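Presented below is the structure to which this report refers.
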Amino acid sequence: MRELRGIPVSPGVAIGSAFVVEDQKRRIPKRAIAPADAPAELARLDSALRASIAELTAVRAHTKAELGDEAAKIFSFHIGMLADKSLTLPMRHAVENDLVTAEYAVFATLQALADRFAAFGEGAFKTKVDDVNDLAQRVLKHLVGESVSRLANIKQPAVVLSRDLTPSQAAAFNREHVLGFVTEAGGRTGHTGIFARALGIPAVVACKQATELATPGTPVIIDGESGAVILDPDLATLARYRKIRERDRLFRLKLDDLRELPCQTLDAVPIDLQGNIEFPEEIAQVLAAGGTGVGLYRTEYLYLAQDKEPTEEDHYQAYARCVGLLGGRPLTIRTMDLGADKYTQERADNPERNPMLGCRSIRYCLQNPGLFKRQLRAILRASALGPVRVMFPLVTTPEEFRRARFVLNEVIEDLRDEGVAVDANIKVGMMVEVPSAAICAEMFANQADFFSIGTNDLVQYTLAVDRTNEQVAGMYNPANPAVVALVRNTVRAASAGNIPVSCCGESAGELEYVMLLLGLGLRSLSASAPALPAVKRLVRSVTIEQCEQVVEKASRLDSDAAVSSYLRDATRKIIPEAFDGRSAE
Ligand code: PEP
Ligand code: MG
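Residues are numbered in our numbering as their position in the sequence shown, beginning at 1, plus a constant of 294.
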């Protein structure tokens, strides 16, 4: 048994066998296979070698046509190596006799060759070392690099352990069989957590060495509350976690009774509780959890779930489906927010050096008006079917908001000219998630029809903490006084400008921040479906005055850690069952 620790990002306990997603860019760990699996492993090896040769042959032909014979020679050398039995036989032997995975066989054989070249010193041999490493990456890509399709084909219930989980991987995998996630990278509000919460499965990120230490198939426990990841647990630990899992289940079952009850505080202040979704299918869960609509539809998953840009019709089908499923309840569609952590930079011609501050989100849309208009056309067409609002992400300056609104108005005109029905009075709002927008919120309140505070990015940009970077995850804190001041200012400006404001960042669904947000004046929250019942339970157990006192007390504490532990304790006092699973152990 071995216990690792990471950052818990989605609550609950998962118990299952490990599905390890290797990362070809790193050292491949030596993993044993069962003798019975050797033939399948050999077949994987052969097919990766064949695929690499086919790929190299195509690259060679292309290079020859573009740059001539001399430049194409290097690829002939690579093909020659892969066809050379003196290199491939040791790989086969490693699988058959040493019973190791195909990826380890490739890695170890090519590493040994690179080491031999390196021992000859610098000069021509250095180039050979690079060639061999290059070749190793290519073959490994065919074995482990296609984690997207491997994840899509998970056949049995499993706990996924991976170096990182990109949004594209998350969008593609077979969700039926994933019991939980563990990643070595990631921060508190990265997309692994968002995704796991949406699915209602436990997840732990920033768990060092998880993929190296876990062997595929070994039993794993994930505790999405404490951040513990236990490999190969002993029987007593298994029994303990089964009990906790059962208690969690019962706690959630009890919450079902709240579904039809109004979401209001003890002093009868109504709080609007809506759901965040990435896919239309999540609407059923939002409604089952008592959500009154969708406060944030992250449409970028339409782009990430496939390799090509969605057509206007793809967009429209998705939005029309949401409107239908919501049956008259409101739908807030956020225009695509690709870039930064939600854009595979590998796909870009010139990957950005600092993508979090780069051409992402509304900036990208304004630079690509064709793509932007295709999405706006679909949103507007869907607005004729039911209550739809449109929301722009990452708005940084008032001009930017005006430009986006101008494009929207152009699209409304185009559609009207074409005789297509639209809601010409569609509400046009913005995310407040960049400090400039929160600081100058009054200026934006004159232009936008509504605000939705995105604490995930607001924390990242205010505190200069990459939300996906495990090294600085300890500094990421939605209750930091600077963030609190920006939320307060945004709420104040919205109220002065008489426009609605809500919060759709992850903190809206994290119990310990709910009283803080209500105390700051928010009366509308949007969170992932599985988080909604517990938030409602908390809302129904507090008064606004109590929440205001929490804000007041928190503001007098002098460290982020003190604020966090105070908020947790204050919440635990009100709703101990939500925390009790472990403390009672
Ligand atoms: C946010 O930044 O708080 C937010 C809700 O948007 P996302 O997490 O998609 O960036
Ligand atoms: Mg954001």
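A virtual CB, placed ideally from N, CA and C, is assigned to each residue, including glycine.
Just so we're clear, the structure is a prediction, and the values are computed from it rather than from any experiment.
Backbone CA spacing between residue i and residue j [nearest angstrom]
{"i": "Gly306", "j": "Arg536", "result": "11 Å"}
{"i": "Arg647", "j": "Thr762", "result": "16 Å"}
{"i": "Glu846", "j": "Arg541", "result": "34 Å"}
{"i": "Ala483", "j": "Gly799", "result": "The sequence given here places Thr at residue 483; Ala does not occur at that position. C-alpha separation (whole angstroms): 9 Å."}
{"i": "Gly618", "j": "Leu679", "result": "8 Å"}
{"i": "Ala479", "j": "Tyr770", "result": "15 Å"}
{"i": "Ala612", "j": "Glu470", "result": "21 Å"}
{"i": "Leu596", "j": "Val476", "result": "24 Å"}
{"i": "Leu516", "j": "Ala312", "result": "Correcting the residue identity first, residue 516 is Ile in this sequence and not Leu. About 11 Å."}
{"i": "Asp854", "j": "Gln754", "result": "15 Å"}
{"i": "Ala492", "j": "Leu567", "result": "15 Å"}
{"i": "Pro496", "j": "Glu707", "result": "46 Å"}
{"i": "Met375", "j": "Ala348", "result": "13 Å"}
{"i": "Arg354", "j": "Ser341", "result": "20 Å"}
{"i": "Tyr658", "j": "Arg296", "result": "45 Å"}
{"i": "Gln741", "j": "Asp631", "result": "21 Å"}
{"i": "Glu640", "j": "Thr460", "result": "Residue placement at Glu640 is poorly supported in this model, since its pLDDT is 48, which falls under 50; the coordinates are not used for a value here."}
{"i": "Leu437", "j": "Gly791", "result": "57 Å"}
{"i": "Gly481", "j": "Val498", "result": "10 Å"}
{"i": "Pro692", "j": "Gly589", "result": "22 Å"}
{"i": "Glu764", "j": "Glu712", "result": "50 Å"}
{"i": "Ser789", "j": "Ala872", "result": "33 Å"}
{"i": "Ala377", "j": "Ser370", "result": "10 Å"}
{"i": "Cys734", "j": "Phe744", "result": "15 Å"}
{"i": "Thr605", "j": "Arg668", "result": "7 Å"}
{"i": "Thr638", "j": "Pro574", "result": "In this predicted model, Thr638 has a pLDDT of only 44, less than 50, meaning its place in the structure is not dependable; the value taken from the coordinates is given anyway. Between Thr638 and Pro574, the C-alpha separation is close to 23 Å."}
{"i": "Pro870", "j": "Leu651", "result": "40 Å"}
Neighbourhood of residue i by C-beta, 6 Å cutoff - its chain only, sequence neighbours within 5 removed
{"i": "Ala864", "result": "Val844"}
{"i": "Leu403", "result": "The question names Leu, yet the displayed sequence has Thr at residue 403. The residues are Pro384, Met385."}
{"i": "Ala878", "result": "Unreliable placement is indicated for Ala878, whose pLDDT of 38 sits below 50; the coordinate value is still reported in the next sentence. Contacts found: none."}
{"i": "Leu702", "result": "Leu670"}
{"i": "Glu594", "result": "Met630, Asp631, Leu632, Lys636"}
{"i": "Ala399", "result": "Met385, Ala388, Val389"}
{"i": "Leu407", "result": "Val426"}
{"i": "Arg710", "result": "none"}
{"i": "Phe489", "result": "Ala464"}
Cβ-Cβ separation, residue j to residue i (assumed contact under 8 Å), whole Å
{"i": "Val689", "j": "Met725", "result": "7 Å"}
{"i": "Pro278", "j": "Asp526", "result": "Lying before the first or after the last residue shown, residue 278 is absent from the chain, which here runs from 295 to 879."}
{"i": "Thr395", "j": "Arg457", "result": "Contact flag wrong, Cβ pair sits at about 16 Å."}
{"i": "Leu620", "j": "Ile577", "result": "6 Å"}
{"i": "Ala583", "j": "Leu826", "result": "4 Å"}
{"i": "Arg918", "j": "Leu555", "result": "Outside the shown range of the chain (295 to 879) lies residue 918, about which nothing can therefore be said."}
Within 8 Å, strictly: CB atoms of residue i and residue j
{"i": "Ser849", "j": "Pro772", "result": "no"}
{"i": "Ala301", "j": "Ala767", "result": "A small correction: the amino acid at residue 301 is Ile; Ala does not occupy that position in the sequence shown. Against a cut-off of 8 Å, the Cβ pair of Ala767 and Ile301 comes out as a contact."}
{"i": "Val836", "j": "Ile793", "result": "no"}
{"i": "Ile720", "j": "Leu665", "result": "no"}
{"i": "Val314", "j": "Leu455", "result": "yes"}
{"i": "Leu832", "j": "Leu805", "result": "yes"}
{"i": "Cys797", "j": "Ile838", "result": "no"}
{"i": "Arg592", "j": "Arg539", "result": "no"}
{"i": "Leu811", "j": "Gln503", "result": "no"}
{"i": "Ile322", "j": "Leu434", "result": "yes"}
{"i": "Arg546", "j": "Gly587", "result": "no"}
{"i": "Ala334", "j": "Leu393", "result": "no"}
{"i": "Leu429", "j": "His372", "result": "yes"}
{"i": "Ala802", "j": "Ala787", "result": "no"}
{"i": "Val303", "j": "Gly569", "result": "no"}
{"i": "Val506", "j": "Glu397", "result": "Contrary to the premise, residue 506 reads as Glu rather than Val in this sequence. It is not a contact, given that the beta carbons lie outside the stated cut-off."}
{"i": "Lys358", "j": "Ala352", "result": "no"}
{"i": "Ala823", "j": "Val580", "result": "yes"}
Proximal residues to residue i (C-beta, below 8 Å), its chain only, five neighbours per side dropped
{"i": "Cys653", "result": "Gly633, Glu646, Gln661"}
{"i": "Glu842", "result": "Gly813"}
{"i": "Ser858", "result": "Asn771, Ala773, Glu806"}
{"i": "Phe695", "result": "Phe686, Val689, Met724, Phe738, Gln741, Ala742"}
{"i": "Leu861", "result": "Ala773, Glu806, Tyr807, Met809, Leu810, Val844, Ala848"}
Test: residue i CB closer than 8 Å to a CB of chain B
{"i": "Glu575", "result": "Considering every chain present, this structure includes no chain B. It has just one protein chain."}
Own chain, CB closer than 7 Å to residue i, minus 5 neighbours either side, in chain order
{"i": "Leu361", "result": "none"}
{"i": "Ala732", "result": "Val726, Leu752, Leu780, Asn783, Thr784"}
{"i": "Ala676", "result": "Tyr610, Tyr613, Ala614, Val617, Val682"}
{"i": "Lys830", "result": "Leu552, Cys557, Leu567, Gly584"}
{"i": "Arg338", "result": "Ala396, Leu437"}
{"i": "Ala345", "result": "His436"}
{"i": "Asp608", "result": "Leu596"}
Handout entry: Runs of beta strand (DSSP E) wholly within the region 599-666 (minimum 3 residues, chain order)
Key = 625-628
Exercise for the section: May I have a chain-ordered list of the alpha helix (DSSP H) segments no shorter than 4 residues that lie completely inside the region 442-529? Expected result: 461-466, 485-493, 504-507
Handout entry: Whole runs of the beta strand (DSSP E) within the region 776-850, excluding any shorter than 3 residues
Key = 795-797, 818-822
Problem - Residue ranges of each beta strand (DSSP E) within the region 331-365, 3 or longer - result: none
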